[in-house]
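Here's the structure, in structure tokens; my notes come after.
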Amino acid sequence: MNERFGLRFADVDLQRHLGRRLAGFLLVVAVGYALRPLLHGLVYQTLYSPFGLIVIGTTAVAATALWFLPPLAGAPVDGLSTTVSPLLSASANQKLGLLVVVFTVGLLVGFVYSVPAGMVTERTLAQETMGEANQIQEFPRVNAENPRIAPRAVADVQTRGSVSYRTHRLGPSDIARAEDGSLAWSYAIEPDGVRNKLLSNQRGVLLSDMTRMEDRQITASDNQTFAIGEGMYLHRSSAWNLRTTDYFAQYFDDAVEFTHDGQAYMYYPKTVHEWRLTPIPHTVPVWDGGALLHTNGTIDHLSPEEAQNSEILDGQRLYPLYNSRRQMESLGYRNGIINQLDIVGEHAGQVEVATLPAGAGNSQPFVIDLDGEQMSYVTAMEPYGEDTRGLDEIWFIDAATGDLRYFGSEGETLTGPERAMGIVRSEDSQTGWGDNFQVVEPIPVFINDELWWHSKVVPIDNTDISRSVFVSASTGEAVELGDTESVREFLAGGDADDLDNVDTEPAPDDPNVAYYIVVTDADGTVIERIPVEPGQEPSISYEPANASA
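Residues 80 to 628 (my numbering) make up the sequence shown, in order.
In structure tokens, the structure reads:
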């Protein structure tokens, strides 16, 4: 018997044993490398997660060491072991038992360590977010030419009902900028069915205008075959090739599909995690640029600066939505870890992402277009607590640079998205809410330095847009508008009372009439003149013909 470090090894040819094990190890490594995109999540978690490093890392090291370890005493090395898999030998069972012990201990240690490491990660991210942010005193202006009118569900129903691809389907929708500068829901035209996913290619991209209520344009660039793309299996897929060309990055966001000079492209924002060693080792997510996919299969891996300077990507979303969500979710830790704890925490100045009710149809951050065609991720924050639904802060993250700004309410009570949707429903008691119509997608917009919530009333089947309703976050005032031009005029700062073809004219020589309200149709034909007495303050409301169920 050979004895090493207190263990009794069987009499074996050590050199021959190690040679065989090395050959087996290299074979496993070669197979793992060939299939590395399938193992990406496991490897990434091992390298950039404290829990993964402790559990997966220690288990992998132990498994490697036990693999090369000679058989222990009492383990058959001839006879049975030559005809039956070594995993069934006594030595293999002993090694497997040791490996289970290592994994179990690592799992327990990993769970215990991940609790403080997770809180430290949130605290670090919150501190860095606050350190990079600038507080603003006025709301930025929205781009009145690019309102978010068509909800995603409506766009999906209308778009899918307007195309006919027998062997292809539209992938998940996302937000991109069209070549004319407008915002659009974008789709990859990807293969449909197992056979086509294995053998066919992505056919191109499709953009559906989101900035109009009526006559919305759908632009299909469906004659541009992607060599690698969405909905294609294994080594032909974009996911596989993204990971083989830049393995140590994460692609949490869906692709941004768009066209430039008539050519179709897809862009994938990239996130990496950086280790921070104090106060305890932990990692935080960081933007690492993005990958630009061409139709010929070329992938340009761009740094943040290269992406911002790219002519092809001009005006598109570059910063990962994932990073922006993580930054906003971490802000509850900005006043310390203890402050936000349930039992001992004071919760002083603690904020959380504002709640959106079920059926809202979107999630934060909201993607809106600010003045100058500057896309921004907007997040509404409310004070901590189950019963608080008013807004405390509004955060803006530049979708191209990741720059941070926020507006603090400074004690002013601002209506949140949940309450705004309730106001829309309460303003019209005749509509069959929930049976025939629903309120969806409250989007924050900023008009004359005031916050408004822009919701849409749509049928339950999401086949059309009935009307747009704006609710003031300061006063709760609701304004209903039934066409695109009225929405654009209102966003540009127009008076709601002037948007429905209502005008006034001086009264004739009648002391009991100060003036007349003149109601005209779209062609300017006078429908009615309503006399207004001196001192009266008339209120004008608008109800579309199709508002009731």
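Using N, Cα and C, we set each Cβ at its ideal position, and we do this for glycine too.
A distance below 7 Å between beta-carbons, with the five flanking residues on each side excluded, links SER316 to the following residues of its chain, in chain order: ILE307. Counting along the chain, ALA255 sits inside the beta strand (DSSP E) bounded by residues 253-256.
Following the DSSP letters along the chain, one finds PRO496 inside the alpha helix (DSSP H) bounded by residues 496-505. PHE337 is positioned such that its CB atom lies closer than 8 Å to that of VAL284. If you draw a straight line from the Cα of ARG95 to the Cα of PRO149, it is about 10 Å long. ILE609 and ILE502 have their alpha carbons spaced roughly 29 Å apart. The three-state secondary structure of ILE133, taken from DSSP, is helix.
Between the stretch 218-236 and the stretch 517-535, the count of Cβ pairs shorter than 8 Å is three or higher; the stretches touch.
Its chain contains THR138 as the residues whose beta carbon lies nearer than 6 Å to that of PHE182, once the 5 sequence neighbours on both sides are disregarded; these appear in chain order. DSSP, read as helix, strand or coil, puts PRO219 in coil. Under DSSP, ILE417 shares a beta bridge with no residue. For LEU249, DSSP records a beta bridge to ILE268.
Contact between the stretch 416-432 and the stretch 384-398 is absent, with fewer than three C-beta pairs closer than 8 Å.
In its chain, beyond the 5 residues on either side, ARG567, LEU570 and ALA571 have a beta carbon closer than 7 Å to the beta carbon of ALA223. Take ASN302, set aside five residues on each side of it, and the residues of its chain with a beta-carbon closer than 8 Å to its own are ARG282 and GLY283, in chain order. For the pair GLN429 and PRO462, the Cα-to-Cα distance works out to about 6 Å. Across the set ASN320, ARG504 and ALA212, the C-alpha of ARG504 shows the shortest separation from the C-alpha of VAL550. Out of ARG99, GLY464 and SER545, the CA that lies nearest to the CA of GLU293 is found in SER545. Cβ contact annotation for GLY411 (same chain, cutoff 8 Å, sequence separation greater than five): GLU201, ALA205, GLN419, GLN429, VAL430, GLU431 and TYR463, in chain order. For MET454, the enclosing beta strand (DSSP E) has its first and last residue at 453-462. Contact annotation: VAL351 and PHE331 have beta-carbon atoms that are not nearer than 8 Å. The residue among ALA370, MET460, VAL134 and ASP507 with its C-alpha nearest the C-alpha of PHE486 is MET460.
According to the DSSP assignment, ALA343 belongs to the beta strand (DSSP E) that extends over 342-355. In the DSSP assignment, PHE182 falls outside any beta strand (DSSP E) and within the unbroken alpha helix (DSSP H) covering 169-211. Between LEU286 and ALA263, the gap from beta carbon to beta carbon is short of 8 Å.
Between THR458 and PRO436, the beta carbon gap of about 17 Å keeps them out of contact (Cβ cut-off 8 Å). Beta-bridge pairing by DSSP links GLU309 to no other residue. Between the stretch 526-542 and the stretch 552-565, the count of C-beta pairs closer than 8 Å reaches three or more; the two stretches touch.
Contact between GLU506 and ARG468 fails: their C-beta atoms lie close to 18 Å from each other, not under 8 Å. With respect to the 8 Å criterion, ARG405 and MET209 are not classified as neighbours on the basis of their beta carbons.
Within the DSSP secondary-structure output, PHE337 pairs in a beta bridge with TYR344. Residue environment: ASN225 is assigned as buried (16 or more neighbouring CB atoms within 10 Å of its CB, all protein chains considered). Look at GLU564 here: in three-state DSSP terms it is helix. For the pair ILE215 and ARG291, the CB atoms are not nearer than the 8 Å cut-off. Annotation for TYR326: no alpha helix (DSSP H) segment contains it, and DSSP assigns it neither H nor E.
Per DSSP, THR554 lies in no alpha helix (DSSP H) segment and is marked neither H nor E.
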